[in-house]
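Trainee: Supplied in structure tokens, the structure appears directly below.
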Amino acid sequence: MQHHDARQVVIKPKYYSVANRVQRYDAQQIIKELLSVLQWRLDEKDSLIDLGTGSGDVLMDFIYPLLPKNFTKLVGTDISSEMVEHCKRNYSQSENVKFKVLDIGTEILPKELIGEFDHVTSFYSIHWVQNQRLAVDNIYRLLKSGGDCFLVFLSTHSINETYDIVSLNPKWAPYMKNIKNYYSPLFRSKDPRSEFSEILKDAGFVDVKVAELSNYSNELLHYVISSFFVYCTDTYRAVNPFIHRVPVEMHEEILDEIIHTAIELGNESNNGNPGCIATYKLIVAYARKL
Ligand SMILES: C[S@@+](CC[C@H](N)C(=O)[O-])C[C@H]1O[C@@H](n2cnc3c(N)ncnc32)[C@H](O)[C@@H]1O
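Start counting the sequence shown at 14; every next residue gets the next number (the numbering used here).
Written out as structure tokens, the structure reads:
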């Protein structure tokens with residue numbers, strides 16, 4: 014049986030892979046930039062490691078096709094062995110494509126990965142790591158000299174306000190203890206863009222470029238989901254830090270409360286305009302190791 018750290022998010026591949034339309038859309042838009050931003054090797058023998066690969070479809074559908082045809086190594090990693098097994102089952106492993114369990118926030122990086130990669134990518138995952146400095150130090154250590162990273166993760170998400178409200182209900186409070194431990198430290202930052210730039214520079218990175226894009230000012234998809242009720246239920250079932258603590262027979266009830274609370278909050282922050290009930294901002298960061 015897999016052991017879960019108190020702060021480790023538990024995301025089930027069977028739910029995530031059918032409920033990640035927003036993440037796929039954002040990644041697809043942003044990855045268009047990747048080709049021109051990453052410093053590809055002249056000999057095309059690039060190696061790339063992806064962190065928090067999840068169900069693997071973003072990596073394999075969007076990044077894999079961009080790799081030079083002589084690439085030497087593509088490694089998809091995730092803290093969840095269930096996700097890694099899902100990737101292994103769904104995407105063939107070969108000499109140069111592998112999937113491995115790896116915690117981005119680990120204190121002890123496996124020796125065989127250190128200094129092995131020309132590129133590090135990560136989509137929608139780094140916000141789960143409480144110690145972002147450690148995560149960035151690890152990214153630095155994974156890279157070869159001259160290597161670079163492209164990181165995309167949430168700086169804010171309205172679901173946290175929703176969880177704050179739902180956790181006040183005495184019925185759900187016991188299952189949502191320490192819920193704030195799951196919120197990224199950047200969620201509390203006044204200036205996540207500058208704060209993350211500093212973290213990258215302090216780790217030794219150069220050419221640091223960090224943008225913060227929001228999904229409600231046309232910088233990202235303003236996701237108007239025709240069947241958003243079903244879609245959001247699927248999403249918050251799939252990506253939910255505490256649902257594994259709630260008895261299965263109560264899952265539909267708590268998801269219903271989460272969705273209704275999210276709709277109320279969304280309507281308030283959206284001037285009564287339904288259609289977008291999740292507002293969020295993404296950090297998109299590029300940096301290079303000298
Ligand atoms: C929302 S999914 C993103 C998956 C994929 N990158 C995508 O864009 O669709 C977040 C993933 O991060 C993983 N994750 C959470 N904390 C992690 C950590 N400390 N190290 C590595 N992966 C982590 C989760 O298991 C999950 O698979």
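Cβ atoms here follow ideal geometry from the backbone N, Cα and C, with glycine treated the same way. Only a predicted model underlies this, so the values are computations on that prediction, with no experimental measurement involved.
Buried or exposed: which applies to residue 12, given that a residue is buried once 16 or more other Cβ atoms fall within 10 Å of its Cβ?
Mentor: Residue 12 lies beyond the range of the chain shown here (14 to 303); nothing can be said about it.
Trainee: At a cut-off of 8 angstroms, is residue 73 close to ligand 1 when judged by its beta-carbon and the heavy atoms of the ligand?
Mentor: Answer for residue 73: no, Cβ out of range of ligand 1.
Trainee: Does the beta-carbon distance from residue 80 to residue 55 come in below 9 angstroms?
Mentor: Taking 9 angstroms as the Cβ cut-off, residue 80 and residue 55 do not qualify as a contacting pair.
Trainee: Going by Cα to Cα distance, which pick from 246, 143, 97 is closest to residue 272?
Mentor: It is 246 whose Cα lies nearest to the Cα of residue 272.
Trainee: Hey, which unbroken runs of the beta strand (DSSP E) at 3 residues or more fall wholly within the region 34-67?
Mentor: For the region 34-67, whole beta strand (DSSP E) runs of length 3 or above, ordered along the chain, are 60-64.
Trainee: Can the beta-carbon of residue 297 be found less than 9 angstroms from the beta-carbon of residue 163?
Mentor: It is a contact, given that the beta carbons lie within the stated cut-off.
Trainee: List the DSSP bridge partners of residue 227.
Mentor: For residue 227, which the question treats as bridged, DSSP gives the partners 294.
Trainee: Report buried or exposed for residue 263, applying the criterion of at least 16 other Cβ atoms within 10 angstroms of its Cβ.
Mentor: Under this definition residue 263 is an exposed residue.
Trainee: Taking all protein chains shown into account, decide if residue 33 is buried (16 or more other Cβ within 10 angstroms of its Cβ) or exposed.
Mentor: The residue is buried, with at least 16 neighbouring Cβ atoms inside 10 Å.
Trainee: Would you say the beta carbon of residue 36 is closer than 8 angstroms to some non-hydrogen atom of ligand 1?
Mentor: Result yes, Cβ under 8 angstroms from ligand 1.
Trainee: What are the boundary residues of the beta strand (DSSP E) that includes residue 161?
Mentor: Residue 161 -> beta strand (DSSP E) spans 156-170.
Trainee: How about residue 105: is its Cβ closer than 8 angstroms to a heavy atom in ligand 1?
Mentor: Every heavy atom of ligand 1 is 8 angstroms or more from the Cβ of residue 105, so no.
Trainee: Tell me, which residues are paired with residue 107 by DSSP?
Mentor: Note: residue 107 sits in a beta bridge opposite 110.
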